[in-house]
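S.K.: Attaching a single structure in structure tokens format; questions to follow.
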Amino acid sequence: MTSPINAPSPLAPAQSFLERTSASFDGKLTDLYQRLIEAQQKIDATDPKTLSAYQVALSAYTLFHSTQSKTVESYVNNQRQAINRLA
């Protein structure tokens with residue numbers, strides 16, 4: 001499984017506020033993704049500890065990724081509202 005975090009980006013380095021905000025999450029997200037892959041490789045269907053470890057890793061990764069998306073979305077919505085008020 002290839003990490004979407006480490007995939008080559010066709011974009012220039014983060015320049016805008018929204019790009020920098022999103023990029024600020026990438027370090028931790030990469031770490032959580034690595035933990036998820038490690039937990040996935042250790043899964044043993046007969047061992048509840050490995051299944052639990054995978055569920056914890058998946059939840060942490062999903063929650064943090066969702067936080068990244070929602071943070072950027074919130075800033076986008078605030079910018080739209082500000083522009084609409086000026087128009």
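In terms of the UniProt record's numbering, the sequence shown has 42 at position 42, counting the first letter as 1, and numbering is strictly consecutive. For each residue, glycine too, the CB sits at the ideal point set by N, CA and C. Fair warning: this is a prediction, and the values are worked out from it, not measured in the lab.
#1: Okay, do the stretch 49-57 and the stretch 73-85 touch, 3+ Cβ pairs below 8 Å being the bar?
#2: Just how far apart, CA to CA, sit glutamine 34 and alanine 23?
#3: Output yes or no for whether 7 Å exceeds the beta carbon distance between phenylalanine 64 and leucine 32.
#4: Roughly how many angstroms separate the alpha carbons of isoleucine 83 and serine 69, rounded to a whole number?
#5: Can you tell me whether alanine 57 is buried or exposed? The criterion is at least 16 other CB atoms within 10 Å of its CB, across all chains shown.
#6: Alpha helix (DSSP H) containing serine 66: first to last residue?
M.R.: Quick answer:
#1: Segments in contact, no.
#2: 17 Å
#3: yes
#4: 21 Å
#5: buried
#6: Looking at the DSSP string, the run of the alpha helix (DSSP H) that includes serine 66 is 48-86.
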